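Participant: Before I ask anything, let me first share the structure, which is written out below as structure tokens.
4 protein chains.
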Amino acid sequence: MANSKYEYVKQYELDDSLLPGCWIVVRIDGKGFTKFSELHGFEKPNDKRALDLMDECAKEVLNEFPDVRLAYGESDEYSFVLGRSTDMYGRRASKIVSLLVSCFTANYVAKWAAFLPDTPLRSTPMFDGRAVCYPLDSNLRDYLSWRQADTHINNQYNTCFWALVKSGKTPTEAQATLRGTQTAQKNELLFNEFGINYAHLPEQFKKGSVVLRRKTMVEVKQRADGTPVLRERNLPTVLHTDIIRDEFWNEHPQLMAP
Amino acid sequence: MANSKYEYVKQYELDDSLLPGCWIVVRIDGKGFTKFSELHGFEKPNDKRALDLMDECAKEVLNEFPDVRLAYGESDEYSFVLGRSTDMYGRRASKIVSLLVSCFTANYVAKWAAFLPDTPLRSTPMFDGRAVCYPLDSNLRDYLSWRQADTHINNQYNTCFWALVKSGKTPTEAQATLRGTQTAQKNELLFNEFGINYAHLPEQFKKGSVVLRRKTMVEVKQRADGTPVLRERNLPTVLHTDIIRDEFWNEHPQLMAP
Amino acid sequence: MANSKYEYVKQYELDDSLLPGCWIVVRIDGKGFTKFSELHGFEKPNDKRALDLMDECAKEVLNEFPDVRLAYGESDEYSFVLGRSTDMYGRRASKIVSLLVSCFTANYVAKWAAFLPDTPLRSTPMFDGRAVCYPLDSNLRDYLSWRQADTHINNQYNTCFWALVKSGKTPTEAQATLRGTQTAQKNELLFNEFGINYAHLPEQFKKGSVVLRRKTMVEVKQRADGTPVLRERNLPTVLHTDIIRDEFWNEHPQLMAP
Amino acid sequence: MANSKYEYVKQYELDDSLLPGCWIVVRIDGKGFTKFSELHGFEKPNDKRALDLMDECAKEVLNEFPDVRLAYGESDEYSFVLGRSTDMYGRRASKIVSLLVSCFTANYVAKWAAFLPDTPLRSTPMFDGRAVCYPLDSNLRDYLSWRQADTHINNQYNTCFWALVKSGKTPTEAQATLRGTQTAQKNELLFNEFGINYAHLPEQFKKGSVVLRRKTMVEVKQRADGTPVLRERNLPTVLHTDIIRDEFWNEHPQLMAP
Chain A
1 MANSKYEYVK
11 QYELDDSLLP
21 GCWIVVRIDG
31 KGFTKFSELH
41 GFEKPNDKRA
51 LDLMDECAKE
61 VLNEFPDVRL
71 AYGESDEYSF
81 VLGRSTDMYG
91 RRASKIVSLL
101 VSCFTANYVA
111 KWAAFLPDTP
121 LRSTPMFDGR
131 AVCYPLDSNL
141 RDYLSWRQAD
151 THINNQYNTC
161 FWALVKSGKT
171 PTEAQATLRG
181 TQTAQKNELL
191 FNEFGINYAH
201 LPEQFKKGSV
211 VLRRKTMVEV
221 KQRADGTPVL
231 RERNLPTVLH
241 TDIIRDEFWN
251 EHPQLMAP
Chain B
1 MANSKYEYVK
11 QYELDDSLLP
21 GCWIVVRIDG
31 KGFTKFSELH
41 GFEKPNDKRA
51 LDLMDECAKE
61 VLNEFPDVRL
71 AYGESDEYSF
81 VLGRSTDMYG
91 RRASKIVSLL
101 VSCFTANYVA
111 KWAAFLPDTP
121 LRSTPMFDGR
131 AVCYPLDSNL
141 RDYLSWRQAD
151 THINNQYNTC
161 FWALVKSGKT
171 PTEAQATLRG
181 TQTAQKNELL
191 FNEFGINYAH
201 LPEQFKKGSV
211 VLRRKTMVEV
221 KQRADGTPVL
231 RERNLPTVLH
241 TDIIRDEFWN
251 EHPQLMAP
Chain C
1 MANSKYEYVK
11 QYELDDSLLP
21 GCWIVVRIDG
31 KGFTKFSELH
41 GFEKPNDKRA
51 LDLMDECAKE
61 VLNEFPDVRL
71 AYGESDEYSF
81 VLGRSTDMYG
91 RRASKIVSLL
101 VSCFTANYVA
111 KWAAFLPDTP
121 LRSTPMFDGR
131 AVCYPLDSNL
141 RDYLSWRQAD
151 THINNQYNTC
161 FWALVKSGKT
171 PTEAQATLRG
181 TQTAQKNELL
191 FNEFGINYAH
201 LPEQFKKGSV
211 VLRRKTMVEV
221 KQRADGTPVL
231 RERNLPTVLH
241 TDIIRDEFWN
251 EHPQLMAP
Chain D
1 MANSKYEYVK
11 QYELDDSLLP
21 GCWIVVRIDG
31 KGFTKFSELH
41 GFEKPNDKRA
51 LDLMDECAKE
61 VLNEFPDVRL
71 AYGESDEYSF
81 VLGRSTDMYG
91 RRASKIVSLL
101 VSCFTANYVA
111 KWAAFLPDTP
121 LRSTPMFDGR
131 AVCYPLDSNL
141 RDYLSWRQAD
151 THINNQYNTC
161 FWALVKSGKT
171 PTEAQATLRG
181 TQTAQKNELL
191 FNEFGINYAH
201 LPEQFKKGSV
211 VLRRKTMVEV
221 KQRADGTPVL
231 RERNLPTVLH
241 TDIIRDEFWN
251 EHPQLMAP
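In structure tokens form, the structure reads like this:
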């Protein structure tokens, strides 16, 4: 049963390296999460427990892969940013994408019970992933702005939609009510009809989640007398903040550093 | 916060469709499983519980994705075969690979406790994946033969290696003993020194695992009197059998059907 | 002016190898040949001189590249077939495509005057090219059948169209006359209105051109007495024959050989 | 002979679009030009007629393709630069590469006699081509610097080598003499042994050729009295100048413009 006569099949593995020098964004996306969220009774329009679980998984991706320097998530999707000069797995697309997806999924299942303790996992959560290259810093900024603007648009729409549905409208009626409305009109609807001030909703819902490494004091051991020994560590941290405006980027210059 | 000015970034997503008309093989592979298996005290050279868990995950992949018609696994890797004419996700490589990896990983974590009930999961199991295209039926056969021959070679070596180590040799000494030995010599070593008849080892260790759909009678409900109602279902089934010789393929002609 | 600090740019050249084991077809196509053929007064619907020039260039491609085993051409396009197992330039797509295009173009210009002696070349003839992989023999057959069926359809239409235009109709009227007509109707039109029996048109127009290597006796030198010394050589030869039916392939089994 | 049953083969043409937003460089390279230049008696180390022909072909590429904004050539190679935002042929690699190669080759043959009037073309000149993407302006600068530094290094070496060979050394002896020598030593050798001041050699040999569009007054017609009517046109122009230092880029800001 010598193996040598079959080994030629290895040559059929084609190179799928991503262009050097570009930002790499890996976006992962829940498969069939509309159904998944119904099956597990996720609160609408946002289930804080499920979002916290997503954020926790993203933190674990940053813990696992030092080359991932930033992540941004909303709803059932998350984008991970690798630096221009990363040579992680020789920049092979399938290797990078599959490992990030696998890490995220494993944590999603493993930590589910901690975040939704009263809800048994009744189906298999799955995420697809893809890698995209961006040549310019401005492209990366625009990509992230695209996702965060999307978060806002979706969240505002969904907040209105579910308020209408919970007040007794059918989904079809709710859609008809919202068709063609602008931001200002949606905010008025929320305030006038449901007493909801959109500006007061949780930042996590309105802005999504940013994960980056931040200097954090952590207890590394205890002295004999029981007092903690603290060390500064660069740990993944979740923020719910605007990443479209320059302030965020000025505050975290390391994100865009070469 | 209109989204339109950012949407150009979508154009940077390049097409990664796999060539039509070819067999698609997605091979997934455990990341750092040498360390992972030590951390969780896997039995050497083979841990049946861990292999059964792998097989169960592969079955779930076939349950989830009807276009996966065959799988073959050994150790911490599994190969999934999609038919020539599959149009699953438009044959996009990253979509297919990431979803199969995600499905496998999710099940690995979710079912861990059922297969290794006494071993808490202490780190994140991760799998990478890649897709390879094979134009000819003979290429696919050779690919699978390559993996199964590899299973045999590795298992025989590892069986000897761990027998030597368990008998008191250091890993370096064990390697030195085995260097350059042929199949027959390894079998003699096992028999003469350790009383192990290689031929009597479990087929799962020697042949790896094949997963395919097979007509199976399953209970779909019970009658009023408590007797079960059976229906034939085409269910993923695990076999430990030779897939190099023609017999297997003659027995399962649907595997190679267009 | 040391070069080393710039050499990193070489890493940006990504691999574009074509899948091993597949047939490779390189199709080249004239750029703007409608205009080019008007500018040079090509006869309509077919200019035999221009077609002969195309055929000659294809022969030179086979002379230059032994891995090209077959070519098929019509109008201003030509398809070149490389065998499944070719390793020409490591199967790199851009290398193969660019060299075939370059060889064809160079000959087109160099031999123009020999084929159209009374027509000075007044603009730059250019051809684009692309490589496509086909996994199965039947795919290759279907590809070539696709092109030859296209030749027939185009030629029949164009023969009618130009007969109508030459008889005094405007192009718009000619198009209107032909709209929705079937093969039989077009043949009747040609015969009844213009006395043209489509079946009697030159095979080159109806079937296009096939180029393959054929054993041919060629004079390699002369004896002292002036008699020629002949040797059998395997030379590119042009045929105008049906390549859709099996006869052609049965006659030339080497074309499909591994 | 309906075509529809064969048309599925079109789906096998995979997308090969180049990443948006990047500089595209297409480098073409003579095939077997060592032999080609011997066959046609090119002067060594540089044949001005052959270099002028290359430059002329590059100008024609810029004439034909407005999206090519810059070219740089040396010896038997030329690099063409397309702007970041070009959408020429949807950025399809094979289309762009093959057409540039075809345009260059066609002109090489068509204009051969004008540049080497006493040398009949005795074999087929061919060029291969490839496309490379560069994300940053600095990458493009480095690419071009890489080529121009290469020109210098090669030219200096070849000038020495051929001076030695013409003075009676064998090629092997000439190579041995030059092995390990630095720039300064080569210049001294040229000056001391052959009276050649490297600095006085033609810029075309030392710097290669840059092609860019420049505002040029051209005669568009003549008045009745025979005086010419001039108009400003943006015409491809050849320069032999340093493109490594900033001066060139400051002088031609349009080259790096978005």
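Protein chains in written order, with full-length UniProt numbering: chain A, 1 to 258; chain B, 1 to 258; chain C, 1 to 258; chain D, 1 to 258.
No residue lacks a Cβ here, since even glycine has one placed at the ideal position from N, Cα and C.
Here the structure is a predicted model, which means the values were calculated and not measured.
(1) Cα separation between A:E38 and A:K169?
(2) Going by the DSSP bridge assignment, what does C:E74 pair with across the sheet?
(3) Since I believe D:T124 is in contact with C:C103 (beta carbons under 8 angstroms), could you give me their beta-carbon distance rounded to a whole number of angstroms?
(4) If I follow the unbroken beta strand (DSSP E) through D:R91, where does it start and stop?
(5) To test your reading of the DSSP string, which unbroken alpha helix (DSSP H) runs of 4 or more residues are found completely within the region 151 to 204 of chain B?
(6) Would you call the region 154 to 170 of chain A and the region 197 to 208 of chain A in contact, with 3 or more CB pairs under 8 angstroms?
(7) Strictly by DSSP, which residues pair up with A:M217?
(8) So, is A:S79 buried or exposed, given that buried needs 16 or more other C-beta atoms within 10 angstroms?
(9) Count the other CB atoms, across all protein chains shown, that sit within 10 Å of the CB of D:T86; report buried if there are 16 or more and exposed otherwise.
(10) Cβ closer than 8 angstroms: which chain B residues qualify as neighbours of C:G195?
(11) Which residues mark the beginning and the end of the alpha helix (DSSP H) in which A:D55 is found?
(12) Please tell me whether residue 275 of chain A has its Cβ less than 7 angstroms away from any Cβ of chain C.
(13) Interface residues of chain A around B:M126 at Cβ under 7 angstroms?
(14) Of all Cβ atoms in chain D, is any one closer than 7 angstroms to the Cβ of A:L19?
(15) Does the beta-carbon of A:D246 have 16 or more other beta-carbons within 10 angstroms, so that it is buried, or is it exposed?
(16) Determine the direct distance from the alpha carbon of A:T181 to that of residue 263 of chain A, and round the result to whole angstroms.
(17) Residues of the region 128 to 153 of chain B in Cβ contact with chain A at a cutoff of 7 angstroms, in chain order, please.
(18) Between D:E38 and chain C, is the shortest Cβ-Cβ distance under 7 angstroms, so that the two count as touching?
(19) Name the chain B residues whose beta carbon is nearer than 9 angstroms to that of A:Y157?
(20) Report yes or no: do the region 87 to 101 of chain D and the region 12 to 29 of chain D share at least 3 C-beta pairs separated by less than 8 angstroms?
(21) Going along the chain, which residues of its own chain have a beta-carbon closer than 8 angstroms to the beta-carbon of residue 259 of chain C, five neighbours each way excluded?
(22) Helix or strand or just coil, what does DSSP make of D:F33?
(23) So, helix, strand or coil for C:F104, using DSSP?
(24) Does C:H40 pass the burial test, meaning 16 or more other C-beta atoms within 10 Å, or should it be called exposed?
(25) For B:D47, decide whether its Cβ has a neighbour in chain D, counting only Cβ atoms nearer than 7 angstroms.
(26) Which class does D:D128 belong to by DSSP, given the choice of helix, strand or coil?
(27) How would you write the range of the alpha helix (DSSP H) that D:N250 sits in, first residue to last?
(28) Should A:R147 and A:Y72 be called a contact, given that it needs their Cβ atoms to be closer than 7 angstroms?
(29) Checking the sheet assignment: what are the DSSP bridge partners for C:Y134?
(30) What residues of chain B sit near A:N3, judged by a beta carbon separation below 7 angstroms?
(31) Which class does B:R69 belong to by DSSP, given the choice of helix, strand or coil?
(32) Pull up the distance between the alpha-carbon of A:T241 and that of A:L121, whole angstroms please.
(33) Rounded to whole angstroms, what is the Cα-Cα separation between C:L140 and D:Y6?
(34) At least one CB of chain C closer than 7 angstroms to the CB of D:E13: is that the case?
(35) Take A:P171 and list the residues in its own chain whose beta-carbon comes closer than 7 angstroms to its own, dropping the five residues that flank it on each side.
(36) Counting contacts by CB-CB distance shorter than 7 angstroms, is A:C160 in contact with chain D?
Facilitator: In short:
(1) Here residue 38 of chain A refers to the residue found at position 38 of the first sequence. Here residue 169 of chain A refers to the residue found at position 169 of the first sequence. Straight-line Cα distance between these residues: approximately 19 angstroms.
(2) Along the third sequence, one-based indexing puts residue 74 of chain C at 74. Paired residues: C:E77.
(3) To locate residue 103 of chain C, count along the third sequence from 1; it is residue 103. To locate residue 124 of chain D, count along the fourth sequence from 1; it is residue 124. Right, the Cβ-Cβ distance comes to about 6 angstroms (below 8 angstroms), so this counts as a contact.
(4) Numbered from 1 along the fourth sequence, position 91 holds the residue referred to as residue 91 of chain D. Note, D:R91: premise wrong, no beta strand (DSSP E); not H, not E.
(5) 171 to 178, 183 to 194
(6) yes
(7) By one-based count along the first sequence, residue 217 of chain A stands at place 217. In DSSP, A:M217 forms a bridge with A:E232.
(8) Here the question's residue 79 of chain A lines up with position 79 in the first sequence. Its Cβ being crowded by 16 or more others within 10 Å, A:S79 is buried.
(9) As a first step, residue 86 of chain D is located in the fourth sequence; it is residue number 86 there, counting from the start. Buried: at least 16 other Cβ atoms inside 10 Å.
(10) Counted from its first residue, the third sequence places residue 195 of chain C at position 195. By Cβ distance, chain B contributes nothing, its closest Cβ being about 46 angstroms from C:G195, past 8 angstroms.
(11) As a position in the first sequence, residue 55 of chain A is number 55, starting the count at 1. Per DSSP, A:D55 belongs to the alpha helix (DSSP H) from 48 to 64.
(12) Any question about residue 275 of chain A goes unanswered here, given that chain A covers just 1 to 258.
(13) Position 126 of the second sequence, counted from the start, is the residue given in the question as residue 126 of chain B. The answer, in chain order, is L99, S102, C103, A106.
(14) The residue you call residue 19 of chain A lines up with position 19 of the first sequence. True, the Cβ-Cβ gap to chain D drops below 7 angstroms.
(15) Indexing the first sequence from 1 puts residue 246 of chain A at position 246. Classification for A:D246: exposed.
(16) The requested residue 263 of chain A does not occur in the structure, where chain A is confined to residues 1 to 258.
(17) D128, G129, R130, A131, V132, C133, Y134, N139, D142, Y143, S145, W146, A149, D150, H152, I153
(18) Along the fourth sequence, read from residue 1 onward, the residue named residue 38 of chain D stands at position 38. False, the Cβ-Cβ gap to chain C never drops below 7 angstroms.
(19) Residue mapping note: residue 157 of chain A aligns to position 157 of the first sequence, counting from 1. None at all; the shortest Cβ gap to chain B is about 12 angstroms.
(20) yes
(21) Lying outside 1 to 258, the shown extent of chain C, residue 259 of chain C is not represented and no answer is given.
(22) In the fourth sequence, the residue the question calls residue 33 of chain D occupies position 33. Correct three-state label for D:F33: helix.
(23) As a working mapping, residue 104 of chain C is identified with position 104 in the third sequence. The answer is helix: DSSP assigns C:F104 an H, G or I state.
(24) Here residue 40 of chain C refers to the residue found at position 40 when the third sequence is read from its first residue. By the 10 Å Cβ count, C:H40 comes out buried.
(25) As a first step, residue 47 of chain B is located in the second sequence; it is residue number 47 there, counting from the start. Closer than 7 angstroms: no.
(26) Locating residue 128 of chain D in the fourth sequence gives position 128, where the first residue counts as 1. In this structure, D:D128 counts as strand in the three-state DSSP scheme.
(27) Within the fourth sequence, the letter at position 250 stands for residue 250 of chain D. Looking at the DSSP string, the run of the alpha helix (DSSP H) that includes D:N250 is 246 to 251.
(28) The residue labelled residue 147 of chain A in the question sits at position 147 within the first sequence. The residue labelled residue 72 of chain A in the question sits at position 72 within the first sequence. Yes. Within cutoff.
(29) On the third sequence, residue 134 of chain C is found 134 positions in, with the first residue counted as 1. In DSSP, C:Y134 forms a bridge with C:W23.
(30) Numbered from its first residue, the first sequence carries residue 3 of chain A at position 3. Residues of chain B passing the Cβ test: W146, A149, D150, I153.
(31) Residue 69 of chain B sits at position 69 when you count from the first residue of the second sequence. Correct three-state label for B:R69: strand.
(32) Looking up residue 241 of chain A in the first sequence gives position 241. Looking up residue 121 of chain A in the first sequence gives position 121. Approximately 30 angstroms, taken between the alpha carbons.
(33) Here residue 140 of chain C is taken as the residue at index 140 of the third sequence, counted from 1. Here residue 6 of chain D is taken as the residue at index 6 of the fourth sequence, counted from 1. Whole-angstrom Cα-Cα distance: 10 angstroms.
(34) Taking the first residue of the fourth sequence as 1, we reach residue 13 of chain D at position 13. Interface residue, yes.
(35) For the purposes of this step, residue 171 of chain A is identified with residue 171 of the first sequence, where counting begins at 1. Within the same chain, A:P171 has close Cβ partners V165.
(36) For this step, residue 160 of chain A is matched to residue 160 along the first sequence. Not closer than 7 angstroms to any Cβ of chain D, the Cβ of A:C160 fails to qualify, so no.
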